[in-house]
Amino acid sequence: MALGPRLDLRQSQSLVMTPQLQQAIKLLAASNLEIETFISDALEANPLLEAGVLSTEDSGPSGESDDIPREEFTADQLIGQAQGESEAPLDLDTGALDRDRDTGDGASGPAAGDAEWGAAASSGGGSDLLPDLEQTSAAQITLAEHLNEQIGAAAKDEREAFIARHLIGLLDEAGYLSFDLRDVAYDLGVELSDAEGALKAVQTLDPSGVGARSLSECLAIQAREADRYDPCMAQLIDHLEWVARGEIARLKRVCGVDEEDFADMLAELRGYDPKPGLAYGASTASAVVPDILLSDNGEGGWDVALNEETLPRLIVNRSYFVELRDGAPDPDAQSWLKEKLADAHWLIRALDQRQKTILKTAAEIVKKQEGFFRNGVSELRPLTLREVAEEIDMHESTVSRVTSNKFLHCERGCFELKYFFTSGVSSSDGEGASSEAIKARIKALTDAEEPKKILSDQKLADLLKEEGFDLARRTVAKYREAIGIGSSAERRRQKKLANL
């Protein structure tokens, strides 16, 4: 067969993140303090950007000059095109966002549009509304950032790396993936096999065990990493509930090992980390600056406001732009000036859209969780990212980014927006109850126990059922252990000692 050159036409699909889309996504996921750092860098790098107060004489509706050409796409349109794009990594050394040449330097947009529910929400807040907050902030390097640094080398191609970064964004603080992989594949529009391949790549990253969907899978990953995952260890990991119950004889029969080998296996198992992500989720003590301020307007509604104390307004210096344009005949200088103008113009509108999106999401959360803000944790209802996304007509991954590293301050304290998304159980009123509300009720019941009338897990389940919460005994035990309450025997001993 003769060899020779030829021309072929082929069609293919690929997932591409444009620089502008990366910029919009990073700005959306950033906290106010990160944006503040970003603004400082932008003011130094772009001479057309200026911090100050907006006025109708100097600028248009969004701090933009009337004669400045507009970009083709706004930030929300770019985010909407993503349909599940994952966040681009942050600059871990400075805490500032990476900048792209094509998107220019960052800026903080002007006041966002009002987000209304019950009453019009304002878009500003004074420092007198901020109490002294002694809570913890995110660690200097998060689990997601640590994993994103590694995934490029672990993935076989850009497509797998893209899916893997999305999965990394869905991991909880312990490093587990609690989302159904089929749903993730559907959201991204990829085959289930592609999602499974990306998850395997994530599970090869450090720390070992990250990306697991259950405790047994987490331990199995670590056992394989240590080259100790033989059939005996596999049986031990598959029967962790027997380990918890202390059924040693039964475990030795299933594993087919003697006393000495079983002791070695158990010691090996106890050396694994059941929550590998917490090594990066730990935070240092510092004051949390809230991004959103919530207050009762006294008319049955709420005022939802962005905390703009850390967000100076930015405008394009119109007169300076005209002066530079008229005094720079060189084509290269004109090109540079136009590029800076486009950068400033797009970023102001992108950050303006960021504020609108945060307000819109926060207002919907307040609407869904009004019972919590009125009466406390006992009325915290189950809520998912999907529910909020459907109500505000945005993608679920966009809501996930908006609620990351964002804090809301209200009369009850300062809470991360992720706090309001909880799993739930069925209740007699049909609304359901959040796991946090159930935990609070269990704590109240155990705190009220008398030393001679300690409640068993079954009794707790019966009492909760009388209150309308249908839980199994083992579910009650799981919630009890999650909040650090001991078994009935342990509580009996503790209360006896307390009364001596």
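At position 256 of the sequence shown the residue is numbered 389 (our numbering), and the sequence of numbers has no breaks. Using N, Cα and C, we set each Cβ at its ideal position, and we do this for glycine too. Computed from a prediction, not measured in an experiment: that's the story for all the values here.
For the pair A277 and I301, the CB atoms are nearer than the 8 Å cut-off. Exposed is the label assigned to Y319, since fewer than 16 other Cβ atoms lie within 10 Å of its Cβ. Our two residues, A577 and D526, have alpha carbons roughly 39 Å apart in a direct line.
Ranked by how close their Cα comes to the Cα of D603, the residues I587, I571, D580 have I571 in first place.
8 Å or more divides the Cβ of D580 from the Cβ of V609. Of the other Cβ atoms in all chains shown, 16 or more fall within 10 Å of the Cβ of W479; this residue is therefore buried. Going by C-alpha positions, L457 is about 11 Å away from W469. The C-alpha of T555 is placed about 32 Å away from the C-alpha of F171. Put simply, the backbone Cα of Q355 is about 19 Å away from that of S311.
Cβ neighbours of A412 within its own chain (closer than 7 Å, five residues either side excluded): P340. No Cβ-Cβ contact shorter than 8 Å links R606 with L161.
Using a Cβ-Cβ distance cut-off of 8 Å, the stretch 377-392 and the stretch 421-439 are not in contact, since fewer than three pairs of beta carbons, one from each stretch, lie closer than that value. Per DSSP, the continuous alpha helix (DSSP H) segment holding A178 begins and ends at 165-178. By the Cβ rule, the stretch 485-493 does not count as touching the stretch 460-475, because fewer than three pairs are nearer than 8 Å. Fully enclosed alpha helix (DSSP H) runs of no fewer than 4 residues occupy 348-358, 364-371, 373-378 of the stretch 327-387, in order along the chain.
For S428, the enclosing beta strand (DSSP E) begins and ends at 425-429. With a cutoff of 8 Å on beta-carbon distance, D424 and K539 are scored as near each other.
For G546, the three-state secondary structure derived from DSSP is strand. In the same chain as V390, and ignoring 5 residues on each side of it, the C-beta atoms closer than 6 Å to its own belong to C365, in chain order. The DSSP-derived three-state label of V437 is strand. Under DSSP, the beta-bridge partners assigned to A184 are L447.
Here K473 has N179, L181 as same chain residues with Cβ atoms under 6 Å from its own Cβ, once five neighbours each way along the sequence are excluded. Linking A594 to E582 through their CA atoms gives a straight-line distance of about 15 Å. For F540, the secondary structure class from DSSP, reduced to helix, strand or coil, is strand.
When C-beta atoms of the stretch 431-438 are compared with those of the stretch 495-509, three or more pairs fall below 8 Å, so the two segments count as touching. A direct Cα-Cα distance of roughly 9 Å separates R292 from D327.
As the crow flies, the alpha-carbon of R315 is around 6 Å from that of L325. Each residue's CA atom was taken as its position, placing A522 and E374 some 37 Å apart. Here the C-alpha atom of Y612 lies approximately 40 Å from the C-alpha atom of Q156.
Restricting attention to V532, K408, G137, the CA atom closest to the CA of R346 is found in K408. For V323 and L588, the gap between their C-alpha atoms comes out near 50 Å.
Its chain contains L352, Q355 as the residues whose beta carbon lies nearer than 6 Å to that of Y405, once the 5 sequence neighbours on both sides are disregarded; these appear in chain order.
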